[in-house]
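Residue numbers (our numbering), protein chains in the order written: chain B, 3 to 330; chain L, 47 to 296. This report concerns only the one structure given below.
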């Protein structure tokens, strides 16, 4: 049995298609990442899978249960960390967990034992009796993670688990996520718009854009598809050189972004001196140069023609970020 | 339905209530000012026929007022939960919406009654007539039924209105006329015909009349009739609240 199975899953909002016929199969025990820019439909997809948003079209099964027809069975099998905070700030950390344990029908002894366990795992034992409003954003996130697996779910959904956290805290959260997947054997579906996060954590990554999954494989294979290194050159007339480089055998693809040329090149380290030479011979001057192995961002650019971060900063997103900053 | 879920939602309301000292004090002070200033000010020049002292007449009405406002404002916690995201944690839990609605109803009812009782005792301290033990228990019954009805109404409104600024305005807009028409501050029996007709549609009028009946022994309608009408209203509000709660999304 698959942990998550969707068939033509679609959600529209007033004529706008947020999730567009998504077919997704996630096996038990996987740590699966959905990578895409803000507004790609990641959160909408998660909301449908965790039964709080009905699909417009298509079906989805989570832990073997239909999300629309058997929501209660789905709900007992899953744990969720929402993108935006979902704690009761006026209760203590422990009380938040106790609340959770009770609504998930856990007995008193089980609750007490489990609360201690999960608090220890996310290293919050010391602050368990403090009101959540006194927590830092990283601590709140850790508490939410602790809460989400307290009732032993088979499957966990993590919606942008490290959004807005500092690098150190992100590392910590990554460790917790890996621990849940490896030690507690929980199938995890996480969404992120950080490529390093998807790359580092996930066994398989689905790249999502405009509600569609446009590429799906393990991170290495996705990057290998690009077959080469990414060379960036800052040159005076990028258009002119783009045409010249396009004719070279070792250049697979050329993209112009502002004053920069982005080239997918086989054997990048050896190609760079040749390329600088070519520019110099035509009287030009290379102002800066970069050569690196491809990242998932490059994979995204290849499929969509634009960067994953370009779409950030919409009004709505800014407002949410603002609200988040004030509530964390 | 899950008893555990109902209980924990109630428990959460209790914890908030006990931690928010400022809230307890402010919700007591406002009706107390009404009671003290209106009671003493008007009391000096007013005698209510069949009752006597104005403050005796006013006290049950102000108890009803405290319950009315507190119970309806319970809905605000739904708005806060939505604002802070906790509503998602509740809605995604494997418990029915009915349990959630009932837990909140009991929570709001309990805090409202605590305040109603405190106000009744304060009224006694400043000289209003107090009921005997049987009257007190009956008064408690009226407070409970009144509170349940208006918590239901507050939750119903909260499931529809998502703006935390608009919510108290809507509540005041709705509750103020209900309070003024209820006969809490003047005897309906002596009001002009047209006013009386409108007042008899106001469910709060039966709450006030019933409370007055069991606290000072003077009422316009038989107490059982007050209780029956109020009971039907409360049941209707709980059903309305449950229905709208069921349809609510995050």
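Ideal Cβ placement from N, Cα and C applies to all residues, glycine included. The structure presented is a predicted model; accordingly, all values stated were derived computationally and were not measured.
Rounded to whole angstroms, the Cβ separation of residue 207 of chain B and residue 292 of chain B is 24 Å, and the two are not in contact under 8 Å.
By the neighbour-count criterion, in which 16 or more other beta carbons inside 10 Å mark a residue as buried, residue 161 of chain L falls on the buried side.
The beta carbon of residue 54 of chain B sits closer than 8 Å to some beta carbon of chain L.
The criterion of a C-beta distance shorter than 8 Å is not satisfied by residue 120 of chain B and residue 141 of chain B. Residues of the stretch 199-213 of chain L with a Cβ closer than 8 Å to any Cβ of chain B: none. Spanning the alpha carbons of residue 96 of chain B and residue 149 of chain L requires a straight line of approximately 20 Å. Take residue 281 of chain B, set aside five residues on each side of it, and the residues of its chain with a beta-carbon closer than 8 Å to its own are 235, 237, 243, 287 and 288, in chain order. In the structure shown, residue 16 of chain B falls within a coil segment according to DSSP collapsed to helix, strand and coil. From the beta-carbon of residue 243 of chain L, no residue of chain B is found nearer than 9 Å; the closest lies around 45 Å away.
Note that the stretch 225-240 of chain L does not touch the stretch 125-135 of chain L; fewer than 3 beta-carbon pairs, one per stretch, sit closer than 8 Å. Nearest to residue 185 of chain L by C-alpha distance, out of L:214, L:252, L:203 and L:212, is L:252. Taken in chain order, the complete alpha helix (DSSP H) segments of 4 residues or longer contained in the stretch 97-130 of chain B are 110-123. In this structure, the CA atom of residue 213 of chain B is about 14 Å from the CA atom of residue 194 of chain B.
For residue 234 of chain B, the uninterrupted beta strand (DSSP E) run begins and ends at 231-236, by DSSP. In this structure, residue 140 of chain L and residue 106 of chain B form a Cβ contact; the two beta carbons are roughly 7 Å apart against a cut-off of 8 Å. If you look at residue 283 of chain L, you'll find it in the alpha helix (DSSP H) that goes 269-293.
Looking from the CA of residue 83 of chain B, the closest CA among B:99, B:150, B:29 and B:68 belongs to B:150. For the stretch 126-143 of chain L, the residues whose beta carbon sits under 7 Å from a beta carbon of chain B are, in order, 130, 131, 132, 134, 135, 137, 138, 139, 140 and 141. Residue 89 of chain B reaches chain L at 130, 131, 132 and 135, counting residues in chain order whose Cβ is nearer than 9 Å. Fewer than three pairs of CB atoms, one per stretch, sit closer than 8 Å, so the stretch 210-222 of chain L makes no contact with the stretch 159-173 of chain L. If only uninterrupted beta strand (DSSP E) runs of at least 3 residues are considered, those enclosed by the stretch 11-56 of chain B are 18-28 and 33-37. Among the residues of chain B, those whose CB is under 8 Å from the CB of residue 48 of chain L are 105 and 107, following chain order. Judged by pairs of C-beta atoms under 8 Å, the stretch 123-141 of chain B does not touch the stretch 59-75 of chain B, as fewer than three such pairs exist. In this structure, DSSP gives residue 141 of chain B a helical state, which the three-state scheme calls helix. Short of 7 Å from the beta carbon of residue 235 of chain L, and not among the five residues preceding or following it, lie these beta carbons of its own chain, in chain order: 266.
At a cut-off of 8 Å between C-beta atoms, residue 61 of chain L counts as an interface residue with respect to chain B. Across the stretch 260-284 of chain L, no CB contact with chain B closer than 8 Å is found for any residue.
For residue 136 of chain L, no beta strand (DSSP E) segment is defined; the enclosing uninterrupted segment is the alpha helix (DSSP H) at 132-137.
Annotation for residue 22 of chain B: 12, 43, 212, 213 and 214 place their beta carbon closer than 8 Å to its own, counting only its chain and skipping 5 residues before and after.
When the beta-carbon positions are compared, residue 250 of chain L and residue 219 of chain L stay at least 8 Å from each other.
At a cut-off of 8 Å between C-beta atoms, residue 15 of chain B does not count as an interface residue with respect to chain L. The C-beta separation of residue 61 of chain L from residue 88 of chain B comes to about 18 Å, leaving the pair out of contact by the 8 Å criterion. Taking the C-beta atoms as reference points, residue 79 of chain B is found no nearer than 8 Å to residue 163 of chain B. Taking the C-beta atoms as reference points, residue 188 of chain B is found no nearer than 8 Å to residue 147 of chain B.
DSSP, read as helix, strand or coil, puts residue 243 of chain B in helix.
Interface flag for residue 54 of chain L against chain B is set, since a Cβ pair is found closer than 8 Å.
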